[in-house]
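What follows is a single structure, written as structure tokens, with notes after it.
Chains as they are written, first to last, in the numbering used here: chain Z, 273 to 489; chain S, 72 to 497.
This is how it looks when you write it as structure tokens:
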């Protein structure tokens, strides 16, 4: 070992190059994007719900990044179009996730818009799907003898309903559901949205196809 | 043992390891340099790709604005092709109609008296109930195109019907259509000839409308739809206030009541699988199922669907209208009715159905997880379509006008056979 300097310089150079191409350049590309047109910032309740989502670790089982059609049939599953960088403009930290133990949740507000469904499901997933391995979150709910005027009562089948009284949702559960209901992107993806090429190619084909039909009209 | 002759197998203990100075071989240098150049090229390429997309977007916007500028004079050739795509399946290629089922547009007294303006109203809102055209009685349902055709497209179709199929001289422009949309866009379909009488002066005698009264059970149904029960979620919370559906939740408005009832029974029995709907259906009585089916069957609402799966619309239109015998698929419209509006009691409307739902159902038939169609009619079709065909046909169907609501009198006639129907493939 007698050439420390060149070794150190080369190592640093490689690190610098990697940082430039994997962190700085994409960072510049993404920051030039800005929020997708039509995307709204979170409301206060949604932001609180998002914090609950983060603290409950929903991320460990649910991704928030539908793939392009070239990669997976996510759109056909009803999980929505492939996401673009601008869709996450208000997410810090983003909840992209990598594990798909459960379905992708990027468009859950479109797919399951029902507050009542979400509350039943959070209280006890197995009330809906007996095979579900999603944990129940009973501590987001309260058992009361009688519901107050502002309480939201959870609809439950006899098997899971308490013997007497009712189950009502705590504020955390309501916020979390508000967040889930707001997870929808009913705007078209920006044409120059930052995405892998599979997406761009398909979008181009699609544009050709619609051009052809409008031309024939 | 004094002789210290070194053992040749042993390493020399005085040996100091050292590195010889050797240059890095040139192939390594060149590979590293080539990689760096490649990286820079890739970076430049992706950023220009973004620029290109930008440019096409600008071009598209420009085309749109030129189109808008021309809109003053509707393009009758475009109107003709739009007519062939949207109207000819029912009214015939030359607007000659089908005796007893679909009234003629060529030489129709409604069109002659009302002109392009009346046609615009009718296309925008749809029409149902009793109607006399040239003295012949009709009692069909025409879809509302307001939610699927643009102002320009409607102006082209209406102008073509008034001046191309008939000899009226007056066309209608897109801004005029936009004005009509503002006042009449979200109104219910015309109630037959009686409804048109207010629109068109001097219309020959029209049959009376039979505004159906709401049934006695409407309150209970409204509760199920709007609030749900202690155990069951409100239907509207997923299917939408107007039964228009969303993503994988299907549109229910205007589907035949016997079909809807059969699906709910199938969910209940487990012959059709969906965890959420099984939960819902198990909480409903047979009587409630019948009432809910009637409720949604008689509902008219605008389309809540638009193409979203990047399917090839041309291929979709081909599958829907002609089928593709090379893969053994008959035209969807042969069973699902002209323009996919459905044929009661067994063939549900598929026009304006949510594209994710349609593609998902077709995939489920192909995979065997939905297998409740009578005689297995849909299983073979699902299997024959590949992924891109499924997306193509689903997107095409999403671009169509929604099926009109079922007539109240038709409903009454069907009521008797609603409750229990066999739902399993043979």
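All C-beta atoms in this analysis are idealised placements derived from N, C-alpha and C, irrespective of residue type, glycine included.
Values in this document were obtained by computation on a predicted structure and should not be read as measured data.
Compare the C-alpha of residue 459 of chain Z against each of Z:412, Z:434 and Z:379 and name the closest. Z:379
Beta carbon proximity, residue 110 of chain S to chain Z, threshold 8 Å: yes
Should residue 233 of chain S be flagged as near chain Z, meaning a C-beta pair shorter than 8 Å? no
Given a cut-off of 8 Å on the beta-carbon distance, is the pair residue 432 of chain S and residue 376 of chain S in contact? no
So the beta strand (DSSP E) residue 413 of chain Z belongs to, where does it begin and stop? 413-416
Quick test of your reading: residue 343 of chain Z and residue 377 of chain Z, contact by CB under 8 Å. State the CB separation rounded to the nearest angstrom. About 18 Å separates the two Cβ atoms, so there is no contact after all.
Coil, strand or helix - residue 441 of chain Z by DSSP: strand
List the residues of chain S whose Cβ lies closer than 8 Å to the Cβ of residue 379 of chain Z, in chain order. 318
Have a look at residue 183 of chain S and residue 473 of chain S and give me their C-alpha separation to the nearest angstrom. 27 Å
Distance between beta carbons of residue 424 of chain Z and residue 391 of chain Z, contact taken as under 8 Å: 7 Å
Residue of S:203, S:231, S:258 and S:439 minimising C-alpha distance to residue 146 of chain S: S:231
Along chain S, in chain order, which residues have C-beta atoms closer than 9 Å to that of residue 428 of chain Z? 301 and 302
Checking contacts by CB at 8 Å: is residue 382 of chain Z closer than that to chain S? yes
Contact set for residue 404 of chain Z: own chain, Cβ-Cβ below 8 Å, skip 5 residues either direction: 397 and 398
Inter-residue Cα distance where the pair is residue 269 of chain S and residue 168 of chain S: 24 Å
Starting from the beta carbon of residue 387 of chain Z, find every residue of chain A whose beta carbon is closer than 7 Å, and list them in chain order. Looking at the structure shown, chain A is missing, and the protein chains on hand are Z and S.
Compute the distance between the beta-carbons of residue 402 of chain S and residue 214 of chain S, then report whether it is under 8 Å. no
Helix, strand or coil at residue 212 of chain S according to DSSP, with G and I counted as helix: strand
Counting only runs of 3+ residues fully inside the segment 286-360 of chain Z, write out the beta strand (DSSP E) ranges in chain order. none
For residue 427 of chain Z, I'd like the list of residues in its chain whose CB is within less than 6 Å of its CB, leaving aside the five on either flank, ordered along the chain. 388 and 392
Would you list, in chain order, the members of the segment 285-317 of chain Z that have their beta-carbon closer than 8 Å to a beta-carbon of chain S? 289, 293, 297 and 301
Taking Cβ-Cβ distances shorter than 8 Å, what residues in chain Z pair up with residue 350 of chain S? 399, 400 and 429
Contact set between the segment 330-355 of chain Z and chain S, restricted to residues whose Cβ is under 8 Å from the partner: 341, 345, 347, 348, 349, 350, 352 and 353
What is the residue span of the beta strand (DSSP E) that residue 443 of chain S lies within? Element bounds for residue 443 of chain S: n/a, residue is neither H nor E.
Would the segment 238-248 of chain S count as touching the segment 184-199 of chain S if we require 3 or more Cβ pairs under 8 Å? yes
How long is the line joining the alpha carbons of residue 154 of chain S and residue 384 of chain S, rounded to whole angstroms? 17 Å
Do the segment 382-399 of chain S and the segment 304-311 of chain Z touch if we need at least three Cβ pairs shorter than 8 Å? no
Is the beta carbon of residue 366 of chain S less than 8 Å from the beta carbon of residue 296 of chain S? yes
Since I believe residue 415 of chain S is in contact with residue 329 of chain S (beta carbons under 8 Å), could you give me their beta-carbon distance rounded to a whole number of angstroms? 7 Å
Whose C-beta lies closer than 8 Å to the C-beta of residue 227 of chain S among residues of the same chain, with five residues either side of it excluded? 145, 146, 147, 149, 150 and 153
Go ahead and label residue 280 of chain Z buried or exposed: buried means 16 or more other beta carbons lie within 10 angstroms of its beta carbon, across all protein chains shown. exposed
Any Cβ of chain Z within less than 8 Å of the Cβ of residue 315 of chain S? no
Would you be able to state if there are at least three C-beta pairs under 8 Å between the segment 320-329 of chain Z and the segment 447-454 of chain Z? yes
Here's the rule I'm using: 16 or more other beta-carbon atoms within 10 Å means buried, otherwise exposed. How should residue 108 of chain S be labelled? exposed
In three-state terms, what does DSSP make of residue 27 of chain S? Any answer about residue 27 of chain S is impossible in this case: the structure gives chain S only from 72 up to 497.
Run of the alpha helix (DSSP H) containing residue 361 of chain S, from where it starts to where it stops: 357-368
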